[in-house]
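Asker: Taken in sequence, the protein lines are chains A and B. Start counting the first sequence at 1; every next residue gets the next number (the UniProt record's numbering). Start counting the second sequence at 1; every next residue gets the next number (the UniProt record's numbering). Glycine is no exception: its CB is placed at the ideal position from the N, C-alpha and C atoms. Sharing a structure here in structure tokens format.
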Amino acid sequence: MSPSPVYLDAATAAPMHPVARQALLAALDDGWADPARLYGQARRARQLLDAAREAAAQAIGVRADELSFTPSGTAAAHSAVLGGLTGRRRVGGTLVHSAIEHSAVLHAAQWHEARGGTAVSVPVDRLGGLDLAAWAAAVAAPGVAFATLIGASHEVGTVQPVPAAAAACADAGVPLHVDAAQLVGRVPLPAGWSVLTASAHKWGGPPGVGLLVVRKGTRWESPWPADERESGRTPGVVNLPAAVAAAASLRAAVADAAAEAARLAPLVDRIRARVAAEVPDVEVVGDPVDRLPHLVTFSCLYVDGEALLHALDRRGFAVSSGSSCTSSTLRPSHVLEAMGVLSHGNVRVSLHRETTEADVERFLAELPGIVADLRAEAGVTGL
Amino acid sequence: MSGADRAGGPVPDEVLDCRGQRCPLPVINLARRLPELPVGAVVRVLADDPAAAVDIPAWCRMRGQEFVAAHPDAYDVRRTS
Numbered sequence: 001m002s003p004s005p006v007y008l009d010a011a012t013a014a015p016m017h018p019v020a021r022q023a024l025l026a027a028l029d030d031g032w033a034d035p036a037r038l039y040g041q042a043r044r045a046r047q048l049l050d051a052a053r054e055a056a057a058q059a060i061g062v063r064a065d066e067l068s069f070t071p072s073g074t075a076a077a078h079s080a081v082l083g084g085l086t087g088r089r090r091v092g093g094t095l096v097h098s099a100i101e102h103s104a105v106l107h108a109a110q111w112h113e114a115r116g117g118t119a120v121s122v123p124v125d126r127l128g129g130l131d132l133a134a135w136a137a138a139v140a141a142p143g144v145a146f147a148t149l150i151g152a153s154h155e156v157g158t159v160q161p162v163p164a165a166a167a168a169c170a171d172a173g174v175p176l177h178v179d180a181a182q183l184v185g186r187v188p189l190p191a192g193w194s195v196l197t198a199s200a201h202k203w204g205g206p207p208g209v210g211l212l213v214v215r216k217g218t219r220w221e222s223p224w225p226a227d228e229r230e231s232g233r234t235p236g237v238v239n240l241p242a243a244v245a246a247a248a249s250l251r252a253a254v255a256d257a258a259a260e261a262a263r264l265a266p267l268v269d270r271i272r273a274r275v276a277a278e279v280p281d282v283e284v285v286g287d288p289v290d291r292l293p294h295l296v297t298f299s300c301l302y303v304d305g306e307a308l309l310h311a312l313d314r315r316g317f318a319v320s321s322g323s324s325c326t327s328s329t330l331r332p333s334h335v336l337e338a339m340g341v342l343s344h345g346n347v348r349v350s351l352h353r354e355t356t357e358a359d360v361e362r363f364l365a366e367l368p369g370i371v372a373d374l375r376a377e378a379g380v381t382g383l
Numbered sequence: 001m002s003g004a005d006r007a008g009g010p011v012p013d014e015v016l017d018c019r020g021q022r023c024p025l026p027v028i029n030l031a032r033r034l035p036e037l038p039v040g041a042v043v044r045v046l047a048d049d050p051a052a053a054v055d056i057p058a059w060c061r062m063r064g065q066e067f068v069a070a071h072p073d074a075y076d077v078r079r080t081s
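Below is the structure:
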């Protein structure tokens, strides 16, 4: 008999919240028409879209007209960065970002560079925290149009000093984008940003919905071909049933966020402590204190990351890895690289509202044996 | 051994050719070989897997050995204990 599955990869995609499922099914009946048209079905769709926007905006504390639904978190991040650069192109062509941004942001930066722009990467320390002095110097340099900072690392969980980074941006007159994909629905949002993005499937909404929030007065300009939908910020018709489900589940996730963080953070503490104590030669990475409540990452010396993921999968555990052998590019995670921590044998565990203490206990009970078996097979025991 | 090589670092006492190996193999081979060398000896690990650039310095930190220098696809490590 195969073991019961334990899904521990919420940072990639959280299981859909029951509220999202209910809202999605209900909205399929009423939300198929184009909200921009002038007939009854369209008016009903418009009402649903307006209500979803209002609910999502209220849940994260912004104005409804500042929030657009995008086709994904990636599309939101691309729009945030490229739109911020477009809006301030007369000031200069430089983008400042941290070394540990999500690949969506880094790909937008590369796109910008390929078109003659400049991107400046600011380093992090061994725990994955932003080098604030380097950040302040980078954003104060001449020609900086825009800055972008991940709110907390999606790979190692370290929360970034957004208020201080935002203050440096404000001093330099540079607008800041915060990639809040791992924050929204989990922890209170920091202040000081001009543009914020998130992704619904990280909080239990459906895949294929992103949030793009542009604060009033921000010099942001759509980098895409013109389209009147979503205040002109993101082209194409909104996937309305998915947006309705995203908004409903966001409201539910935000309402439960404090209680869930209080429940999950001690489980992450337990994983950090027990893995370090019970698996020999392991490096638990990321800040032990300033971190997300639901995410923990560690690397096992001499262990092949892909083999570890497969071994865990055979025992029913779904986790992800930043090891090079698990990536399509065969390069180690740029986040682990920037931190200077061990990249092979890497495992990221991320918890969600369905994760139980028993799930975590079973993982902790089985992990040391799985790692020991892999080391024995590779002949590296005791090395 | 004494003197300096072209890269300006110490001349390695031994070269470990791990080219074509995927991580963690270069680190495993380093971990096997270094304790067999005398304290103070320098081994140069040739490795073209990009992960080696991260993992060899990290191994030195975890094992208390000295990471001397990184060259293109080559990493010098001194046995200190």
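In terms of residues, what are the limits of the alpha helix (DSSP H) holding Glu66/A?
Answerer: Premise fails: Glu66/A is in no alpha helix (DSSP H) and is neither H nor E.
Asker: What residues in the region 11–43 of chain B have a beta carbon less than 8 Å from any beta carbon of chain A?
Answerer: Listed in sequence order: Arg22, Cys23, Pro24, Val27, Ile28, Ala31 and Arg32.
Asker: Between Ala243/A and Ala33/A, what straight-line distance do the alpha-carbon atoms span, to the nearest angstrom?
Answerer: Between Ala243/A and Ala33/A, the C-alpha separation is close to 14 Å.
Asker: Could you give the DSSP three-state label for Asn29/B: helix, strand or coil?
Answerer: Helix.
Asker: On the DSSP bridge assignment, give the partners of Cys300/A in chain order.
Answerer: Looking at the DSSP assignment, Cys300/A forms a beta bridge with Val282/A.
Asker: Can you tell which of Ala172/A, Pro332/A, Asp290/A and Pro241/A has its C-alpha closest to the C-alpha of residue 428/A?
Answerer: Past the boundaries of the shown model lies residue 428/A; chain A is included only from 1 to 383, so the question cannot be answered.
Asker: In chain B, which residues lie less than 9 Å from Val6/A when you measure between Cβ atoms?
Answerer: Here the premise fails: no neighbours, minimum Cβ distance about 26 Å.
Asker: Using only CA atoms, which one of Val303/A, Ala11/A and Gln110/A lies nearest to Val349/A?
Answerer: Residue Ala11/A is the option with its Cα nearest to Val349/A.
Asker: Look at the alpha carbon of Ala69/B and the alpha carbon of His344/A, and state the distance between them as a whole number of angstroms.
Answerer: So the alpha carbons of these two residues sit roughly 21 Å apart.
Asker: If you draw a straight line from the alpha carbon of Leu16/B to that of His334/A, how long is it in whole angstroms?
Answerer: Leu16/B and His334/A: Cα-Cα distance of roughly 26 Å.
Asker: Quick one: which chain B residues come within Cβ less than 7 Å of Asp304/A?
Answerer: By Cβ distance, chain B contributes Pro24.
Asker: To the nearest angstrom, how far is it from the Cα of Pro12/B to the Cα of Arg353/A?
Answerer: Approximately 54 Å, taken between the alpha carbons.
Asker: What are the residues that DSSP puts in a beta bridge with Asn346/A?
Answerer: Answer is Ser299/A.
Asker: Alpha carbon to alpha carbon, what distance is there between Arg90/A and His17/A?
Answerer: His17/A and Arg90/A: Cα-Cα distance of roughly 44 Å.
Asker: When we look at the beta-carbon of Leu25/B and count the other beta-carbons within 10 Å, is it buried (16 or more) or exposed?
Answerer: Per the 10 Å Cβ criterion, buried.
Asker: Under the criterion of a Cβ to heavy atom distance below 8 Å, does Glu260/A qualify as lining the ligand COA?
Answerer: The ligand COA is absent from the structure shown, which contains no ligands of any kind.
Asker: Please decide whether Asp49/B counts as near chain A, where near means a Cβ-Cβ distance under 9 Å.
Answerer: With 9 Å as the cut-off, Asp49/B counts as an interface residue toward chain A.
Asker: Is there contact between the region 203–212 of chain A and the region 176–187 of chain A, where contact requires at least three CB pairs shorter than 8 Å?
Answerer: They touch, by the three-pair rule.
Asker: So what's Thr86/A in DSSP terms, helix, strand or just coil?
Answerer: Here Thr86/A sits in helix by DSSP.
Asker: I need the straight-line Cα distance from Ala273/A to Leu28/A, nearest angstrom please.
Answerer: So the alpha carbons of these two residues sit roughly 46 Å apart.
Asker: Taking 9 Å as the CB-CB cut-off, is Ala69/B touching chain A?
Answerer: Chain A contact via Cβ: absent.
Asker: If you measure between the beta carbons of Arg298/A and Val268/A, is that distance less than 9 Å?
Answerer: With the sequence shown as reference, residue 298/A is identified as Phe, and Arg is not the correct amino acid for it. For Phe298/A and Val268/A, no; Cβs fall outside 9 Å.
Asker: Using 8 Å as the Cβ pair cut-off and three pairs as the minimum, do the region 39–47 of chain A and the region 246–256 of chain A touch?
Answerer: With a cut-off of 8 Å, the region 246–256 of chain A and the region 39–47 of chain A do not count as touching, because too few Cβ pairs lie within range.
Asker: I'd like the span of the alpha helix (DSSP H) that includes Gly305/A, first residue to last.
Answerer: Here the alpha helix (DSSP H) through Gly305/A covers Gly305 to Arg314.
Asker: Just the chain B side, please: which residues come within less than 7 Å of Pro18/A by C-beta, in chain order?
Answerer: Those within 7 Å of Pro18/A in chain B number zero; the least Cβ separation is about 41 Å.
Asker: Compare the C-beta of Pro72/B against all C-beta atoms of chain A and say whether one is closer than 9 Å.
Answerer: So no, Pro72/B is outside the interface.
Asker: Report yes if the CB atom of Gly316/A is closer than 9 Å to the CB atom of Pro3/A, and no otherwise.
Answerer: Yes; because the gap between Cβ atoms is below 9 Å, this pair is in contact.
Asker: Under 9 Å between C-beta atoms, does Asp76/B make it to chain A?
Answerer: Asp76/B does not count as touching chain A.
Asker: Asp359/A CB to nearest chain B CB: under 9 Å?
Answerer: By this cut-off, Asp359/A is not an interface position.
Asker: Could you compute how far the alpha carbon of Ser231/A sits from the alpha carbon of Asn239/A?
Answerer: Rounded to the nearest angstrom, the two C-alpha atoms are 15 Å apart.
Asker: Of all the residues that make up the region 324–349 of chain A, which are near chain B by a beta-carbon distance shorter than 8 Å?
Answerer: Listed by position, the residues of the region 324–349 of chain A near chain B (Cβ gap below 8 Å) are Ser324, Cys325, Leu330, Arg331, Pro332, Leu336, Glu337, Gly340, Val341, Leu342, Ser343, His344 and Gly345.
Asker: Pull up the distance between the alpha-carbon of Pro50/B and that of Gly93/A, whole angstroms please.
Answerer: Approximately 30 Å, taken between the alpha carbons.
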